[in-house]
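Enquirer: Protein chains in written order, with my numbering: chain A, 1 to 340; chain B, 341 to 680; chain C, 681 to 1020.
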Amino acid sequence: MADARFFAVSSPISLADIAKLSGAVARGDSGMMLTDVAPLDRAGTGQVSFLDNTKYLADFSASKAAACFVREKFAARAPEGMALLITDEPYYAYALAAQYFYPRETFTPAISPAAHINPAATIGAGCRIDAGVVVSAGATIGNGCWIGANTVISEGVEIGEGCRIGALCSLSHAVIGKRVQLHRGVHIGQDGFGFAPGRGGVTKVPQLGRVIIGDDVEIGSGTCIDRGAGPDTVIGMGTKIDNLVQIGHNVQIGRFVFVVAQTGIAGSTRIGDGAMLGGQSGFSGHINIGAGAKIAAQAGVMTDVPAGASYGGGPAVPIKDWHRQTLAVTNLIKKRTTNE
Amino acid sequence: MADARFFAVSSPISLADIAKLSGAVARGDSGMMLTDVAPLDRAGTGQVSFLDNTKYLADFSASKAAACFVREKFAARAPEGMALLITDEPYYAYALAAQYFYPRETFTPAISPAAHINPAATIGAGCRIDAGVVVSAGATIGNGCWIGANTVISEGVEIGEGCRIGALCSLSHAVIGKRVQLHRGVHIGQDGFGFAPGRGGVTKVPQLGRVIIGDDVEIGSGTCIDRGAGPDTVIGMGTKIDNLVQIGHNVQIGRFVFVVAQTGIAGSTRIGDGAMLGGQSGFSGHINIGAGAKIAAQAGVMTDVPAGASYGGGPAVPIKDWHRQTLAVTNLIKKRTTNE
Amino acid sequence: MADARFFAVSSPISLADIAKLSGAVARGDSGMMLTDVAPLDRAGTGQVSFLDNTKYLADFSASKAAACFVREKFAARAPEGMALLITDEPYYAYALAAQYFYPRETFTPAISPAAHINPAATIGAGCRIDAGVVVSAGATIGNGCWIGANTVISEGVEIGEGCRIGALCSLSHAVIGKRVQLHRGVHIGQDGFGFAPGRGGVTKVPQLGRVIIGDDVEIGSGTCIDRGAGPDTVIGMGTKIDNLVQIGHNVQIGRFVFVVAQTGIAGSTRIGDGAMLGGQSGFSGHINIGAGAKIAAQAGVMTDVPAGASYGGGPAVPIKDWHRQTLAVTNLIKKRTTNE
């Protein structure tokens, strides 16, 4: 189904094998061969789909997919002849199946003759380094990394093994873990926005920290992460950051945090493990967001948020209060209408 | 008027000819030669200006412009001796005149010896490809394209004829129409933010779609457009997108839409033809914005918006309701003051 | 204290000398040698710290720093044996000390053989130009500039002496002052978002102005500044702009303005000297923000703001009104709770 110019599909796999790799229970001809994934409304012969959202129940019942990941409770709604892959986590199981059909792009190790690598840099085994890449003295790149075209890696930067750094990124003052993925145009390690006012005018405060990025972090295109002012800026392992996010100096983001696009986090704020920050949300400096907190899109968070709490609005408040405020303001104009 | 280091002005043109090319009716010496465009308050001998906003009526009456695009109803306010170019669309007509004096920059076809073009890529006739550009195998670039320095075009990308891709862009998994203009640092085709949570942790959902960009689209600097997850991400013909905009996976934007800077559109949302999205506005995923809808700057749109409707606020509501809510809240504190 | 891979510390300096360079009064052994700066809670032998925020008074009293910048009124709270550097501006004085220990990175002039410099460009003495840089005909780069890798400088651009342009920037249609610092991925001089609607569809309005940047301006990563449409876009001297900021055509920003990350300023708006614009704030076009105005984070400013005023909220109002509105809305739902 995917455009062959961009994606190569793996060889067919049996229903039994796909059940095994995805942790689902197969119900149907275990030897039937599956060739691809597809959405419910477009899947056909040999294709496997999933039902995760009840909104799509009708699509499920009408689907021509050969097989489908589905919860037990919806199995009876399947069209006749569809093989089922019963699981409590149909989207997760589907993702594993899709990963089988479309595994992560592999690469052939090669250092482009058009890359500019300082002899005092260390490049691990099995790396691919594309044209126009600049690697400065003292930088260390681990085994099996892929550095995209025209990316610039400054003095002393350390990159762990198995990382993929997209095209047109810049990295300085940074220590990057293993299997980190940066998309394109990510800028890591520049000076934070640190200025001290005085009678002699404003002067720049030297930014003496680093950016420390944990294993398995993924960072979206155009995102900027400033280095610490003295302490480090830290991104915990497994955290996923979307496009065009701004992370100020000394920010500490925990593990397995999700940061949606265009969010901004001001200096020295801490985000606890597993928090989820909605798109375009903003965070004042020097505040603490507890583990597992959920912040609504566009929220303006100016105070600490307790662990596990959901906040929204600007200034952000507990999300139920935000909804009630919104309702109260809506009622204000209803009343006015009545009185007019 | 424009700085000659950056802009070359065309040769003079007669009042009659400028009327013809702009669709205006000339009133004055049809053979008088015009040499340049300029704002009302700075225009002088040989220069042509325009009056579009009544705020500038006094400037018009005092202007030393040789000629001016103006609506009939303001013609009597012109200073003595000014030639008039009567039109119902003075700004549009001015734009056409300005395009005559300052036509789009032309270029000499040339492929820089410092570009890195894979032999299995196809480059059309009459292209200019600047230093540091990387074009991978299977990419196809149409006739008459200009690819700016250090831009990176990945495997299989298809670019139609007459496109201008600015410096430092990255493109992958994309099919680009004709006469598309990307400014600098645009990133198109990276993975969307797709993760599936499960008991085994969070796993990445392979992103198997593309980015499809229609003819005559223009995209501002720093904007990021993620490729589809399965369906494609689509930008309709004639749509204009400003700087630093985020467009998530599977988003479908119609034709002739305007998207102002720093707007963010979450995954799978659809924007109808001719809609106008104000700066810093944000859109939840999986919603539908009707054709011709107008969304105020910074609006947070969480629900469908009917065709032709104007919405504002966060959560966004019909714009009249938003204004009334704003007024009601303002009145709340007035009342409080009275009671204090 | 700083990671030696990224930062080189200067040689030790006496208490007397550090007092002299920072304008503080030394109280302690004036010959004692200081080796580094460090935060209060981590400083030890030979290290100098500062107390600026009373929140950290306990840290101060328990600190093992050898010396500390502090206001006279807190001197008595110092631990025994700590040398004091008495000043009314401890953070500013600390910044000067930190600048001594970690002076701005120096560079060896060199033009990379992998840079692409048009013979008709002018490069000053003592410049460093890194690999992959493209400099076009007619561009002028002043003495002592450092141009980072893969940056693209278009025809006619003028850069004053002592500038530092980070990696992966693009500049066109721009005149840059002295000692300007651009971080990475800054895009300056592209077309503004100018379109004129007419019966013949929408047409592009030629953008005939420039970007003029004053001396000592600093601009953060990913920021975009469009060139003027006819007038110029102007950034006044000493102004500091953070990451991912959008500045539209014809915007005029005064001197010594601070613009925090992800702010957006629409076309033709003017920002007065010394104004401070909070993160993610947005400004309509054609408005005037007075000198010294302070705008809260995420504010949506749709009207003029008087000089010296503080505004917040969306639509932005005087900040006291915004706080009172917030309180009034909070009270609305409290009342509702009481009545339920």
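We treat Cβ as the ideally placed atom computed from N, Cα and C, and that holds for glycine.
Within 8 angstroms (strictly less), CB to CB, does V752/B reach chain C?
Expert: The structure shown does not extend to residue 752/B, since chain B spans only 341 to 680, so no value can be given for it.
Enquirer: If contact means a Cβ-Cβ distance below 8 angstroms, which residues of the segment 233-244 of chain A contact chain B?
Expert: For the segment 233-244 of chain A, which is checked against every Cβ of chain B, the residues closer than 8 angstroms are G238, K240, D242, N243 and L244.
Enquirer: Using 8 angstroms as the limit for Cβ to Cβ distance, is S403/B near chain C?
Expert: No - not a single Cβ of chain C is within 8 angstroms of the one on S403/B.
Enquirer: Helix, strand or coil: which one does DSSP assign to D376/B?
Expert: If DSSP states are grouped into helix, strand and coil, D376/B belongs with the strands.
Enquirer: Should E340/A be labelled buried (16 or more other beta-carbon atoms within 10 Å of its own) or exposed?
Expert: Bear in mind that a pLDDT of 44 at E340/A, under 50, signals an unreliable position, so the number given afterwards is only what the model happens to contain. Exposed, by the Cβ-count rule.
Enquirer: In terms of residue numbering, what span does the beta strand (DSSP E) encompassing Y991/C cover?
Expert: Segment S990 to G992, the beta strand (DSSP E) holding Y991/C.
Enquirer: For F875/C, which residues in chain B fall below 7 angstroms Cβ to Cβ?
Expert: Result: K580.
Enquirer: Answer with buried or exposed for P783/C, where buried requires no fewer than 16 other C-beta atoms within 10 angstroms of its C-beta.
Expert: By the neighbour-count rule (16 or more Cβ atoms within 10 Å), P783/C is not buried but exposed.
Enquirer: With distances taken from CA atoms, which of V689/C, L720/C, F687/C and S729/C is nearest L695/C?
Expert: Cα-wise, what sits closest to L695/C is S729/C.
Enquirer: If you draw a straight line from the alpha carbon of I141/A to that of N490/B, how long is it in whole angstroms?
Expert: Each residue's alpha carbon lies about 23 angstroms from the other.
Enquirer: Pull the bridge partners of P318/A from the DSSP assignment, please.
Expert: Note: P318/A sits in a beta bridge opposite Y311/A.
Enquirer: Please confirm if D400/B has its CB atom under 8 angstroms from at least one CB of chain C.
Expert: In the sequence as presented, Asp is not what sits at residue 400/B; that position holds Phe. Answer no: the Cβ-Cβ gap between F400/B and chain C never drops below 8 angstroms.
Enquirer: Which residues in chain C have a C-beta closer than 9 angstroms to the C-beta of E429/B? List them in chain order.
Expert: Within chain C, the residues near E429/B are A876, P877, G878, R879 and G880.
Enquirer: Taking Cβ positions only, does I1013/C come closer than 8 angstroms to chain A?
Expert: It does; some Cβ of chain A falls within 8 angstroms.
Enquirer: In whole angstroms, give me the CA-to-CA distance for S284/A and S792/C.
Expert: Approximately 42 angstroms, taken between the alpha carbons.
Enquirer: Find the residues of chain B that neighbour H249/A, judging by a C-beta separation of less than 8 angstroms, and give them in chain order.
Expert: Here the premise fails: no neighbours, minimum Cβ distance about 21 angstroms.
Enquirer: Give every residue of the same chain whose Cβ lies closer than 8 angstroms to the Cβ of K1014/C, excluding the five residues on either side of it in the sequence, and list them in chain order.
Expert: So no residue of the chain qualifies.
Enquirer: Report, in whole angstroms, the separation of the C-beta atoms of I553/B and A514/B, which I expect to be a contact under 8 angstroms.
Expert: Indeed, because the Cβ distance is near 7 angstroms, the residues count as touching under 8 angstroms.
Enquirer: Step through the CB atoms of chain A and report whether any lies within less than 8 angstroms of the CB of D343/B.
Expert: No - not a single Cβ of chain A is within 8 angstroms of the one on D343/B.
Enquirer: Considering only their Cβ atoms, is the gap separating A114/A from R128/A smaller than 8 angstroms?
Expert: Cβ distance not < 8 angstroms, so R128/A and A114/A don't count as in contact.
Enquirer: When you check each C-beta in the segment 428-451 of chain B against every C-beta of chain C, which residues fall closer than 9 angstroms?
Expert: Result list: D428, E429, Y431, Y432, A433, Y434, A435, L436, A438, Q439, F441, Y442, P443 and R444.
Enquirer: Are the C-beta of G156/A and some C-beta of chain C separated by less than 8 angstroms?
Expert: Chain C contact via Cβ: present.
Enquirer: Ignore the nearest five residues each way along the sequence and tell me which others in R890/C's own chain have a CB closer than 8 angstroms to its CB.
Expert: Closer than 8 angstroms at the Cβ level, and outside the excluded window around R890/C, lie H853, A854, V855, G869, R907, G908, D912 and T913.
Enquirer: For the segment 136-153 of chain A, enumerate the residues whose C-beta is nearer than 7 angstroms to any C-beta of chain C, in chain order.
Expert: From the segment 136-153 of chain A, only G138, N150 and V152 have a Cβ closer than 7 angstroms to chain C.
Enquirer: Got a sec? Which residues, its chain only, sit under 8 angstroms from A139/A by beta carbon, not counting five neighbours each side?
Expert: Here the set comprises N118, A121, T122, I153, S154, E155, G156, V157, E158 and I159.
Enquirer: What is the rounded straight-line gap between the Cα of M372/B and the Cα of C408/B?
Expert: So the alpha carbons of these two residues sit roughly 13 angstroms apart.
Enquirer: Would you list, in sequence order, the uninterrupted beta strand (DSSP E) runs of no fewer than 3 residues that lie entirely inside the segment 27-102 of chain A?
Expert: Correct list: 47-50, 67-70 and 83-86.
Enquirer: Where do the ends of the alpha helix (DSSP H) carrying A19/A lie?
Expert: Start and end: L15 to S22.
Enquirer: Using DSSP with H/G/I as helix, E/B as strand and the rest coil, what is N243/A?
Expert: In this structure, N243/A counts as coil in the three-state DSSP scheme.
Enquirer: Closest Cβ-Cβ distance between D871/C and chain B: below 8 angstroms?
Expert: Taking Cβ atoms only, chain B reaches closer than 8 angstroms to D871/C, which makes this a yes.
Enquirer: Report yes or no: do the segment 41-56 of chain A and the segment 83-92 of chain A share at least 3 C-beta pairs separated by less than 8 angstroms?
Expert: These segments touch.
Enquirer: For N930/C, is the classification buried or exposed, using 16 other Cβ atoms within 10 angstroms of its Cβ as the cut-off for buried?
Expert: Under this definition N930/C is a buried residue.
Enquirer: Based on Cα-Cα distance, which residue from T446/B, D582/B, G484/B and A423/B lies nearest to G368/B?
Expert: Looking at the Cα atoms, A423/B is the closest of the given residues.
Enquirer: Does any CB atom of chain C fall closer than 8 angstroms to the CB of V657/B?
Expert: With 8 angstroms as the cut-off, V657/B does not count as an interface residue toward chain C.
Enquirer: On the three-state DSSP scale, how would you describe E680/B?
Expert: Only weak support exists for where E680/B lies, its pLDDT of 44 falling under 50; the coordinates are left without a value.
Enquirer: Quick check on G541/B: buried or exposed, where buried means 16 or more other Cβ atoms within 10 Å of its Cβ?
Expert: Per the 10 Å Cβ criterion, exposed.
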